[in-house]
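Line by line, the protein sequences give chains A and B. The numbering of the first sequence is UniProt numbering, which starts it at 1 and goes up by one. The numbering of the second sequence is UniProt numbering, which starts it at 1 and goes up by one. The beta carbon of each residue, even a glycine, is placed where N, CA and C say it ideally should be.
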Amino acid sequence: MTKTMMMMVMMATLMGVAMCDIVDKTCKQTPDYTLCLSLLRSDPSSASADTVGLGLILVNKIKALGTQTLGQINVAYKTKPMLKRQLDECKLRYKTIVDADVHTAIIAIKGNPKFAESAVVDAGVEASVCEGGFPKGQSPLTGLTQKMNKICDVTRAIVRMLL
Amino acid sequence: MASSDALLPISAREEDPLLSDGSRSDPNAETHRRRRPVKGLLAVSFGLLFIAFYVALIATRDGSTRSNVDDAEIKSDGTATATSRARLAGVSEKSNDQLWKLSGDRNTVAFSWNNSMLSWQRTAFHFQPEQNWMNDPNGPLFYKGWYHFFYQYNPNAAVWGDIVWGHAVSKDLIHWVHLPLAMVADQWYDANGVWTGSATFLEDGSIVMLYTGSTDKSVQVQNLAYPEDLNDPLLLKWVKYSGNPVLVPPPGILPKDFRDPTTAWKTSAGKWRITIGSKINRTGISLVYDTTDFKTYEKLDTLLHKVPNTGMWECVDFYPVSKTLVKGLDTSVNGPDVKHIVKASMDDTRIDHYAIGTYFDSNGTWIPDDPTIDVGISTSLRYDYGKFYASKTFYDQNKGRRILWGWIGESDSESADVQKGWSSLQGIPRTVVLDTKTGKNLVQWPVEEVKSLRLSSKKFDMEVGPGSLVHIDVGSAAQLDIEAEFEINKESLDKILGDASATVEAEEFSCQKSGGSTVRGALGPFGFSVLAHESLSEQTPVYFYVAKGKDSKLKTFFCTDSSRSSFANDVVKPVYGSSVPVLKGEKLTMRILVDHSIVEAFGQGGRTCITSRVYPTKAIYGAAKLFLFNNAIDATITASFNVWQMNSAFIHPYSEEAVRALSRT
Chain A
1 MTKTMMMMVM
11 MATLMGVAMC
21 DIVDKTCKQT
31 PDYTLCLSLL
41 RSDPSSASAD
51 TVGLGLILVN
61 KIKALGTQTL
71 GQINVAYKTK
81 PMLKRQLDEC
91 KLRYKTIVDA
101 DVHTAIIAIK
111 GNPKFAESAV
121 VDAGVEASVC
131 EGGFPKGQSP
141 LTGLTQKMNK
151 ICDVTRAIVR
161 MLL
Chain B
1 MASSDALLPI
11 SAREEDPLLS
21 DGSRSDPNAE
31 THRRRRPVKG
41 LLAVSFGLLF
51 IAFYVALIAT
61 RDGSTRSNVD
71 DAEIKSDGTA
81 TATSRARLAG
91 VSEKSNDQLW
101 KLSGDRNTVA
111 FSWNNSMLSW
121 QRTAFHFQPE
131 QNWMNDPNGP
141 LFYKGWYHFF
151 YQYNPNAAVW
161 GDIVWGHAVS
171 KDLIHWVHLP
181 LAMVADQWYD
191 ANGVWTGSAT
201 FLEDGSIVML
211 YTGSTDKSVQ
221 VQNLAYPEDL
231 NDPLLLKWVK
241 YSGNPVLVPP
251 PGILPKDFRD
261 PTTAWKTSAG
271 KWRITIGSKI
281 NRTGISLVYD
291 TTDFKTYEKL
301 DTLLHKVPNT
311 GMWECVDFYP
321 VSKTLVKGLD
331 TSVNGPDVKH
341 IVKASMDDTR
351 IDHYAIGTYF
361 DSNGTWIPDD
371 PTIDVGISTS
381 LRYDYGKFYA
391 SKTFYDQNKG
401 RRILWGWIGE
411 SDSESADVQK
421 GWSSLQGIPR
431 TVVLDTKTGK
441 NLVQWPVEEV
451 KSLRLSSKKF
461 DMEVGPGSLV
471 HIDVGSAAQL
481 DIEAEFEINK
491 ESLDKILGDA
501 SATVEAEEFS
511 CQKSGGSTVR
521 GALGPFGFSV
531 LAHESLSEQT
541 PVYFYVAKGK
551 DSKLKTFFCT
561 DSSRSSFAND
571 VVKPVYGSSV
581 PVLKGEKLTM
591 RILVDHSIVE
601 AFGQGGRTCI
611 TSRVYPTKAI
621 YGAAKLFLFN
631 NAIDATITAS
641 FNVWQMNSAF
651 IHPYSEEAVR
661 ALSRT
């Protein structure tokens, strides 16, 4: 009986310790705690990841969002053909995010994080430039570009922890 | 998450029935109670579980709030804010915040880079590879008639990655010939990158190169390499020591905080000594090692130096400067007429800082002359107040100079870099000496050899009243060397100094925060506007701003304002600069090298230097012009200056013919 009780207490302590986990601690140091938590917890490997691992999870989110946005751009060519010029610019910018920025961030996070920081910041810049090219209120991508900016802000904060 | 508050009463309620149930009245209570204890224990345990959970939650909340406050106070530029460490301003110039400010401008015309604009950006006389990405300067040296330059290079893309050592040679530090790659990532100990390193000359004239390798497991180690054939003046081939790595991260140092070994210097005990930057928590440090053969090392217990709250020290440089002579010194020189410089590149802020101090050879330590501006503190001295990082000096035994190389990255978007196919430049090499007049700062100046690029020149002498702008007709204005002298009219100076009610402006003024070149003061700003469109819709002013300081003294600032350098909204456009010492009797002097997308400005003979990257969209090719301006409200400025057209340096890809051609000059 005392054994069971001790086991229960241990479990309780362990649960308590688990709640102080690295994901929670890390996300508290970013500009968007809620977004950070939801992004990281959606990947089960986050529970046992170090800061580099968490950074990589987020860089993959950037890649996924970038790819999704490229898909939306392709759709928008048909639904909003008058915005072709701006969509072309966005396509170029988002290709940079997905091909160049993400690639640089992944290799740099593991060895020389300041280059990953530049790449992540650039991803946000590319998204902003794409968005800014549309006449006011006419962007078909606003939600996506805003999300990219937010994710980049959070990712940058985590990459800076590695400096 | 559900608060355990709601749960406690329930478990308590569960307990109550257990205790009150059958405890008094029922004769069957005895048997009843004997089965209950297990459930009771379970309940108690759950209670404890939730208490522990709740306590843990509270504990983490408190902990992280505290750490946010601490981080905010540590903010590197000294201003305390409540924002978290994640929002450190000025950390990386490319910030989303800055971009949105720019997008708020009236320049809402959708903007795209075209090839004409992008190809104009390539420089004519600054070192850059034919294509792709470059960063830190590596192992610069002079050997058998050739200046050698190595550099961090990505052979595959215009972004960082796959880093190897590029190589080029020159007779004069200006006309370069590209050579094949010197070292590639072909060993386990540099599989993830052949990173930065430095050269040392041994007594017999041979060369050793120490460099950082990022191993196949991304651990930072130091490796030894040397020329395969010392009879080859071009040092084309390099051999890596079979016993590499020669140094691995020591106990207490993390595997990714150990890089960029320096040139070695001789100790009085006859050993070679090097230093390597690192960090312990947030304290930047420089480790010291002694060696006799560059293969085995003893780590000193002492550090060369350390400064709290400066973060990782990259590209540490350590060298002597003469207190009395305007010349360079070999790295091993020491003595009473010598001070030592410790320089480090701050990973956190991407700023190079240095300090002047005293070296103690007996224990390999160094202390700064002025601890209030110690290496890495935000107010400490910088080689350059603009875009300039990972710099490295070497002793040029050919001409008895110490020469400084600096990596000048891009300030544009990665899209543009990928589109134009290249990224980064090196600054024009500069000589470095101690300012023998002030004793408190270094003085840098473009190497003399850059003058060999000067073509036609025009001389001007003019007086410009307050609020004037003068077009200086020099023809093409994208490749220029300007040397200028300015004087403020005595009446204006006396008026400001004599007026007790005139505000002490200098204490509040900074290039970065005081609004740029359009904000007019009594005695400034005045200077040149380079890469300016005739409509002035794009321009880059380089100027002095003189303000009244404390104790009726004038304080002079030297700034470059890139805020209107381009219509583009995806480039970084700061106002850069700093105060500059001006001694009694000195005129105000500036030199500006303009080379397409780079502007290098030198104030007061190189006491304050500013490198800027600018990306005009209209003020390019024939439309780039030069203006002289005086935005002061009171002062009349007398300007006396020379403007030279600069030739291209015709940097050559590797070929036998090119090398032979250069040897004949």
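- Proximity of B:M183 to chain A, defined by a Cβ-Cβ separation below 8 angstroms, is not satisfied.
- The three-state reading of DSSP puts A:M5 in helix, counting H, G and I together.
- Residues of chain B with a Cβ closer than 7 angstroms to the Cβ of A:I107 are, in chain order, G161.
- Under the 10 Å beta carbon count, A:A64 is surrounded by fewer than 16 other beta carbons and is classified as exposed.
- Boundaries of the alpha helix (DSSP H) around A:E131: P113 to G132.
- Partner residues in the beta bridge of B:I637, as assigned by DSSP, are B:V464 and B:I488.
- Between B:F557 and B:F509, the C-beta gap is smaller than 8 angstroms, which places the two residues in contact.
- Burial state of B:G197 is buried, judged by a 10 Å Cβ sphere holding 16 or more other Cβ atoms.
- From the beta-carbon of B:R350, the residues of chain A found nearer than 8 angstroms are K114.
- Of the candidates A:C27, A:A127, A:S118 and A:D153, A:C27 places its Cα closest to the Cα of A:S46.
- In the assembly as shown, B:W188 is an exposed residue. Its beta-carbon has fewer than 16 other beta-carbons within 10 Å.
- The closest CA to that of B:R607, considering only B:A344, B:F111, B:F641 and B:R382, is found on B:R382.
- Taking 3 residues as the shortest admissible run, the region 554-593 of chain B contains the following complete beta strand (DSSP E) segments, listed from N- to C-terminal end: 554-561 and 575-579.
- Approximately 23 angstroms separates the beta-carbon atoms of A:I106 and A:C90; this is outside 8 angstroms, ruling out the contact.
- Of the candidates B:P233, B:V432 and B:D257, the residue whose Cα lies closest to the Cα of B:D384 is B:V432.
- Taking 3 residues as the shortest admissible run, the region 236-310 of chain B contains the following complete beta strand (DSSP E) segments, listed from N- to C-terminal end: 238-240, 272-280, 283-291, 297-299 and 305-307.
- Looking at B:P574, B:N569 and B:I610, the one whose alpha-carbon comes closest to that of B:R591 is B:I610.
- Classified as buried, B:G521 has 16 or more neighbouring CB atoms from the shown chains inside 10 Å of its CB.
- Non-local beta-carbon contacts of B:H652 in its own chain, meaning distances under 6 angstroms to residues more than five positions away in sequence, involve V177 and A658 in chain order.
- Under the three-pair Cβ rule at 8 angstroms, the region 295-302 of chain B counts as touching the region 358-366 of chain B.
- The beta-bridge partner set that DSSP reports for B:V432 consists of B:Q444.
- Interface annotation, A:A100: in contact with chain B, CB-CB separation under 8 angstroms.
- Its Cα nearest to that of B:K451, the residue B:L593 stands out among B:F318, B:D260, B:L593 and B:K256.
- Given a length threshold of 3 residues, each whole run of the beta strand (DSSP E) inside the region 179-243 of chain B is given here in chain order: 194-201, 207-214, 220-227 and 238-240.
- Chain-ordered, the chain A residues with CB closer than 9 angstroms to the CB of B:G311 read L163.
- Of the residues B:I488, B:H148, B:K240 and B:E463, the one whose Cα lies closest to the Cα of B:E586 is B:I488.
- The Cβ atoms of B:D290 and B:W272 lie closer than 8 angstroms to each other.
- Chain B has a Cβ within less than 8 angstroms of the Cβ of A:K110.
- No Cβ-Cβ contact shorter than 8 angstroms links B:V219 with B:P251.
- With a cut-off of 8 angstroms on Cβ pairs, the region 391-407 of chain B is in contact with the region 130-149 of chain B, counting three or more such pairs.
- Relative to B:T436, the option among B:Q121, B:L287 and B:V326 whose CA is nearest is B:V326.
- Within the same chain, Cβ atoms closer than 6 angstroms to the Cβ of B:F149 are found at P140 and A168, the five residues on either side in sequence being excluded.
- For A:A64, the uninterrupted alpha helix (DSSP H) segment begins and ends at T51 to T79.
- With its beta carbon less than 8 angstroms from one in chain A, B:V418 belongs to the interface.
- Taking a Cβ-Cβ cut-off of 7 angstroms, the neighbours of A:L92 in chain B comprise S415, given in sequence order.
- Secondary structure note for A:N149: its alpha helix (DSSP H) is the uninterrupted segment T142 to R160.
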